[in-house]
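Step one of this worksheet: look at the structure below.
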Amino acid sequence: MRSNRVTAAALFTLAGTGLAHLVLSERRHRDRTVLETARIHQQLLAAQVERPGLRAIWGSLTPLDSTERRLHMYRNAWVSAWEAMYRVGALSPAGVDGGARALFATPEGLCWWARVREERARAAAGTRARRFHALMDTAYQDETGTVLSPTLPQRQDLNFA
């Protein structure tokens, strides 16, 4: 009878360890996917900075002069990097807030967020991405004293939480 209990306890422990391993492996895979996606995004942005002719695909940037287009993409690269770091736990909410406040310390940074806010909110995939966006909005509201209207409903993406 005692050996049955020991065997059951050993099997239960083994099953629990296996389950924990699966959960951690899935999380590591998700984090690697987020970081790899961010790396690809950064490469695309860098290509646009290096070769201005590639910017023509973004009609929404047409009204901006060449300097402001370059700064728009650079701000976007920084905020996208912060979002990826936040999503994998490498950047705390306080870190997001500090970066956002530095970005919003200039009128150009404020204009940039007003221009991209709704589109970034629509593209936010998962709970952590939406939380990141809310942190950015809070810093913007604190900096400007403006109460922002809620953004349109975000798309649902079950691949990243």
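Counting from -12, one number per residue, gives the positions in the sequence shown under the numbering used here.
Backbone N, C-alpha and C fix where the C-beta goes; we use that ideal spot for every residue, glycine too.
- Counting the other Cβ atoms within 10 Å of the Cβ of E70 gives 16 or more, which makes it buried.
- Sequence-distant partners of L90 (beyond 5 residues in either direction) whose C-beta falls short of 6 angstroms from its own C-beta, in its chain, are G96.
- Taking the Cβ atoms as the reference, L32 lies roughly 5 angstroms from A64, within the contact range of under 8 angstroms.
- Residues of the same chain with a CB within less than 6 angstroms of the CB of Y73, apart from the 5 flanking positions on each side, are V83, F119 in chain order.
- Under the three-state reduction of DSSP output, T133 falls in the coil class, being neither helix nor strand.
- CA-CA distance, S47 to G86, rounds to 25 angstroms.
- The C-beta separation of W99 from R62 comes to about 5 angstroms, placing the pair in contact by the 8 angstroms criterion.
- Pairing A111 with R117 gives a Cβ-Cβ distance under 8 angstroms.
- As the crow flies, the alpha-carbon of Y127 is around 35 angstroms from that of L11.
- Inclusion of V75 and D18 in the CB contact set at 8 angstroms is warranted, their separation being smaller than that value.
- At a Cβ-Cβ threshold of 8 angstroms, M60 and V36 count as neighbours.
- The Cβ-Cβ distance between A25 and A68 falls below 8 angstroms.
- In the three-state reduction of the DSSP assignment, G86 falls in the helix class, which pools H, G and I.
- Burial check for G113: the Cβ neighbour count within 10 Å reaches 16 or more, so the residue is buried.
- Look at F91 here: in three-state DSSP terms it is coil, with no helix or strand label.
- Remark: C-beta atoms of E55 and R88 do not approach each other more closely than 8 angstroms.
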